[in-house]
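Note that the working numbering gives residue 343 to position 11 of the sequence shown, counting from 1, and the numbers run on in steps of one. Think of the CB as a built atom: it goes at the ideal place given N, C-alpha and C, for glycine as much as any other residue. Since the structure is predicted, the reported quantities are computational estimates derived from the model, not experimental observations.
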Amino acid sequence: MQFKLSDSEIGKCYRFAYHVTKQTDKYYKRRNEYASTEKLISDNFIAKLSELYVFYFLSSKDYVCSYPDFRINENNTERRIKYSNDIDLLVFKNEKQLNIHIKCVRFDSPVKDSWLVQKNNSIVESPKENDFFALCVFHSPEKIEVKKIIKANKIKWKKTKMKLDTKRACYLNDLEV
333 MQFKLSDSEI
343 GKCYRFAYHV
353 TKQTDKYYKR
363 RNEYASTEKL
373 ISDNFIAKLS
383 ELYVFYFLSS
393 KDYVCSYPDF
403 RINENNTERR
413 IKYSNDIDLL
423 VFKNEKQLNI
433 HIKCVRFDSP
443 VKDSWLVQKN
453 NSIVESPKEN
463 DFFALCVFHS
473 PEKIEVKKII
483 KANKIKWKKT
493 KMKLDTKRAC
503 YLNDLEV
């Protein structure tokens, strides 16, 4: 199912990515000295577009979802850095809250259909019963695929094929049907 984000929504995602990156680039450059500001903006832009896309995807299936958070302030940014396990969307189904964590990979990634998380991520180490991952592929702001939505405790996180010591990966081929 395809959704078309408006130019306004795409611009809103870019402005968010730009401002968040301005506030966090020193932190991320300490973690990865090779990360350019442009790459960080692009990553944040794609992440926020994915949140909007998953919001519309789930809403179209009659789920009640929280709208993605576009607030930009220093406290929110500091909190996001400290708690990178933040929930991207809340979904309510049968009076239960589901926590959706969205991971998106670019279509031209060297390792196809794989998603990364930071090693020692609490969602990976000890997911709650209501934690889910939405695994997406970014092609363009007009095309994002939702490959799978899966319970966090059903994912087998592994060492990455690219030898990134601080990351863990899941691969679409390893996930339950």
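- For Lys380, the enclosing alpha helix (DSSP H) starts and ends at Thr369 to Ser392.
- Put simply, the backbone Cα of Phe389 is about 14 Å away from that of Asp420.
- Taking the CA atoms as reference points, Asp394 sits about 29 Å from Ser458.
- Looking from the CA of Val478, the closest CA among Phe470, Ala484 and Asn485 belongs to Phe470.
- The alpha-carbon separation between Lys380 and Asp339 amounts to approximately 14 Å.
- In this structure, Thr498 and Lys451 form a Cβ contact; the two beta carbons are roughly 5 Å apart against a cut-off of 8 Å.
- Within the same chain, and ignoring the five residues on either side of Ile482 in sequence, the residues whose Cβ sits closer than 8 Å to its Cβ are Phe464, Phe465, Leu467, Leu507 and Glu508.
- If only uninterrupted alpha helix (DSSP H) runs of at least 4 residues are considered, those enclosed by the segment 438-504 are 454-457.
- Across the structure, Lys336 and Lys475 are spaced so that their CA atoms are roughly 8 Å apart.
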